[in-house]
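Undergrad: Below you will find the structure I want to go over with you.
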Amino acid sequence: MKDKQVLVRSAQLQDIADICRLCGQLGYPVEESGVASRLKTILADVEQAVFVAVNQNGGVIGWVHVLQVLYLETEPFAEIGGLIVEETFRGQGTGKMLMQAAEEWAIKNTLLDIRLRSNSIRENAHVFYKAIGYQHVKTQFTFHKRITG
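In terms of the numbering used here, the sequence shown opens at residue 3 and continues consecutively.
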């Protein structure tokens, strides 16, 4: 997928440093080794994909992670695991291009619905998602428990 200055392609292991930098911009500081391990697993899994947006200088300026979800009670669907666009490139169509790549992946994998979750404080993201055709379906609580073996 191509714009005048931005290309969207599948992520590669050499994108790790940029992916980590972008995670930090969104408030998720991560370790490269952990991201590298997870990206290797994702790249080998046909039920997941990561796409990156690359500017004309070859730098990664955004990424989207899309995966198939299978629950007993619903038909399989695609879910956005994460979407990040570099702050200085927001509002220029990069996020839309990444979401289009995720949607095309879902269609190719015969998934009829695509869902995403967005933190309630990310109001600009909510405006963006609505502008590209997503509907707010419900508000929910997320619970977390750290478990050890």
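We put the CB at the ideal spot given by N, CA and C, even for glycine.
(1) List the endpoints of the continuous alpha helix (DSSP H) containing Phe128.
(2) Tell whether a beta-carbon distance below 8 angstroms holds between Val37 and Thr96.
(3) What residue range does the beta strand (DSSP E) around Val56 cover?
(4) Going by the beta-carbon positions, is the gap between Leu15 and Ile86 smaller than 8 angstroms?
(5) Say whether chain C places a C-beta atom closer than 8 angstroms to the C-beta of Lys147.
(6) How many Å lie between Asp20 and Gly61 at the Cα?
(7) Could you please give me the residues that DSSP links to Gln70 through a beta bridge?
(8) Taking the DSSP output, what are the residues bridged to Leu118?
(9) Which value, in whole angstroms, describes the spacing of the CA atoms of Asn126 and Gly135?
(10) Nearest CA to the CA of Cys22: which residue from Asp47, Ala46 and Val66?
(11) Please classify Gly64 as buried or exposed, where buried requires at least 16 neighbouring CB atoms within 10 angstroms.
(12) How big is the Cα-Cα spacing for Phe143 and Val10?
(13) Have a look at Gln137 and Ala51 and give me their C-alpha separation to the nearest angstrom.
TA: The short version:
(1) First, the amino acid is wrong: residue 128 is His here, not Phe. That run of the alpha helix (DSSP H) goes Glu125 to Ala133.
(2) no
(3) Gln50 to Val56
(4) no
(5) Looking for chain C here will not work: only one protein chain is present.
(6) Going by C-alpha positions, Asp20 is about 8 angstroms away from Gly61.
(7) Ala80
(8) Ile82
(9) 15 angstroms
(10) Val66
(11) buried
(12) 33 angstroms
(13) 23 angstroms
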